[in-house]
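Asks: First residue of the sequence shown: 26, per the working numbering; consecutive thereafter.
Starting off with a structure, shown below.
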Amino acid sequence: MTESIDKSKRKQFGNRFLKTDDDVFKHNAWDNVEWDEAQETEALSQVGVHMKSKMPSEKAADLENNADEYWNKFYSIHQEKFFKNRCWLFTEFPEITSLKNEKSSSILEVGCGVGNSVFPILSHCVDNNVHVYCCDFSSNAIKILKENSEYNEEHCTAFVCDITNDEWNPPFALESLDVILLVFVLSAIQPEKCDIIYIELKKYSTILIII
26 MTESIDKSKR KQFGNRFLKT DDDVFKHNAW DNVEWDEAQE TEALSQVGVH MKSKMPSEKA
86 ADLENNADEY WNKFYSIHQE KFFKNRCWLF TEFPEITSLK NEKSSSILEV GCGVGNSVFP
146 ILSHCVDNNV HVYCCDFSSN AIKILKENSE YNEEHCTAFV CDITNDEWNP PFALESLDVI
206 LLVFVLSAIQ PEKCDIIYIE LKKYSTILII I
């Protein structure tokens with residue numbers, strides 16, 4: 026009985042290694058794959074091709090200036106059904122797992138969307154003195170997150186915030202956070218603003234996890 030249960034369990038994330046090229050198409054992703062020089066050259070070549078057909082400046086400006094409206098429309102359509110919960114975070118980042126061992130700790134996720142990182146973290150740290158702060162500049166995303174049955178203000182504080190602004194007033198003090206998490210956030214922000222964001226976030230925590 027125990028053996029059948031073990032076989033039905035999902036394998037731990039982060040342990041899928043490609044040992045022979047013959048198996049490459051057995052899964053859609055492998056862990057800790059190192060690229061060879063030929064693959065890096067091909068990737069750079071493809072980047073060069075895409076760089077030759079840039080988005081018109083007017084369209085780029087519209088997406089930048091009205092990003093919150095576009096994301097609000099996105100979440101109005103897809104609600105909480107578009108992204109899957111990121112249960113792999115605990116394998117990739119033991120810093121998050123270690124929070125539950127502290128007497129009191131807090132984490133901030135920037136660009137939390139509808140909570141695909143937040144709720145796995147809350148579930149993982151249940152019954153522990155861990156508080157999760159989370160923000161997104163889509164008011165619709167925060168509304169959907171707060172309507173989730175797993176949202177509990179005792180352990181989670183969600184708020185609307187645009188971290189590209191020169192000033193923002195979060196509901197926590199300087200140097201009060203243990204970890205700040207950004208998942209697929211900086212890639213959606215103008216590069217020249219990233220240094221400013223980094224400097225601002227470092228005022229609140231010494232550990233930044235950026236994906």
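Heads up, the beta-carbon is just placed ideally off N, CA and C, and yes, glycines get one too.
(1) May I have the straight-line CA-CA distance separating T27 from L199, to the nearest angstrom?
(2) Among S163, K79, L233, N110, whose alpha-carbon lies nearest the alpha-carbon of L206?
(3) Candidates K227, K44, N91, N173: which alpha carbon is nearest S163's?
(4) Classify E28 as helix, strand or coil using the three-state DSSP reduction.
(5) Please name the residue, chosen from I222, L202, G136, V208, that lies closest to T231 on a Cα-to-Cα basis.
(6) Is it buried or exposed for V135, if we count other Cβ within 10 angstroms and need 16 for buried?
(7) Indicate the three-state DSSP secondary structure (helix, strand or coil) for F197 in the structure shown.
(8) How many whole angstroms separate the CB atoms of L170 and C137, which I take to be in contact at a CB cut-off of 8 Å?
(9) In whole angstroms, give me the CA-to-CA distance for I221 and N190.
(10) Does DSSP classify S33 as helix, strand or coil?
(11) Find out if the Cβ-Cβ distance for the pair R41, D61 is shorter than 8 Å.
(12) If you count every other CB in all the chains shown that lies within 10 Å of the CB of Y100, and 16 or more means buried, which is it?
(13) For V155 and A213, I'd like the C-alpha separation in whole angstroms.
(14) Is it the case that the Cβ atoms of V157 and C181 are separated by a distance below 8 Å?
(15) Taking the runs of the alpha helix (DSSP H) that are 4 residues or longer, which of them lie wholly in the segment 48-120?
(16) Any idea what DSSP makes of C150, helix, strand or coil?
(17) Is I224 helix, strand or coil when you go by DSSP?
(18) Specify the secondary structure class of I132 as computed by DSSP and reduced to three states.
(19) Where do the N-terminal and C-terminal ends of the beta strand (DSSP E) with L233 fall, by residue?
(20) Name the DSSP beta bridge partners of H156, please?
(21) Give the secondary structure of C181 by DSSP, where H, G and I count as helix, E and B as strand, and everything else as coil.
Replies: With the structure as the only source:
(1) In this prediction, T27 scores a pLDDT of 44, lower than 50, which makes its location untrustworthy; no coordinate-derived value is stated.
(2) Of S163, K79, L233, N110, the residue nearest in Cα terms is L233.
(3) When C-alpha distances from S163 are compared across K227, K44, N91, N173, the shortest belongs to N91.
(4) Residue confidence for E28 is low, a pLDDT of 49 falling below 50, so the modelled location carries little weight and cannot support an answer.
(5) Among I222, L202, G136, V208, the Cα nearest to that of T231 is on L202.
(6) Looking at its Cβ environment, which holds 16 or more other Cβ atoms inside 10 Å, V135 is buried.
(7) In the three-state reduction of the DSSP assignment, F197 falls in the coil class, being assigned neither a helical nor a strand state.
(8) About 7 Å separates the two Cβ atoms, so the contact holds.
(9) Using only the alpha carbons, I get a separation of about 10 Å.
(10) Low per-residue confidence applies at S33: pLDDT is 47, beneath 50, and the placement is therefore not dependable, though the value from the model is reported in the following sentence. S33 sits in a helix when the DSSP states are folded into three classes.
(11) Not in contact: R41 and D61 (Cβ atoms no closer than 8 Å).
(12) When all chains shown are included, Y100 counts as buried.
(13) Straight-line measurement puts the Cα of A213 at about 29 Å from the Cα of V155.
(14) Against a cut-off of 8 Å, the Cβ pair of C181 and V157 comes out as a contact.
(15) Counting only runs of 4 or more, we get 62-76, 82-90, 92-103, 114-117.
(16) Secondary structure of C150 (DSSP, three-state): coil.
(17) I224 carries a helical assignment under DSSP once its states are collapsed to helix, strand and coil.
(18) Assignment of I132 by DSSP, reduced to helix, strand and coil, places it in the strand class.
(19) In this chain, the beta strand (DSSP E) harbouring L233 covers 233-235.
(20) Bridge partners of H156: S131.
(21) C181 falls in the strand class under three-state DSSP.
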